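Counting from 1 along the sequence shown, just add 21 to a position and that's the residue number in this note's numbering.
Don't be surprised by glycine CBs; every beta carbon is placed ideally from N, CA and C.
None of the values given here were measured: they were computed from a predicted structure.
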Amino acid sequence: MIAAPKIVLLILLVFAVWYALRWFNRVPPKAVRRGPAWWPRSAASAARPQPQRNVEDLVSCRICGAYVAASARGCGKAGCPRPA
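Next up, the structure:
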């Protein structure tokens, strides 16, 4: 039969395991992405806008079916209709 002290001990053990798991999986209050220690950190560098990337549509080559950028030269295959 299970005695009262064993039940109390079991409840305390479950609580301790639960609390330990909660403590190990906690998120720091101020999770900040940090660079190397020698890298300067300033508010001006954080607020700087990121440069926009150029995006081009791809077109299919009528000869081989390869997709190349619209502004690119030919795909390199013989008989390619795109300018070389």
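- As for any beta strand (DSSP E) of minimum length 3 sitting wholly inside the region 69 to 102, the runs are 79 to 81, 88 to 90, ordered along the chain.
- When C-alpha distances from S92 are compared across C85, A99, N75, G86, the shortest belongs to N75.
- Shown here, V38 sits in a helix according to DSSP, grouped into three states.
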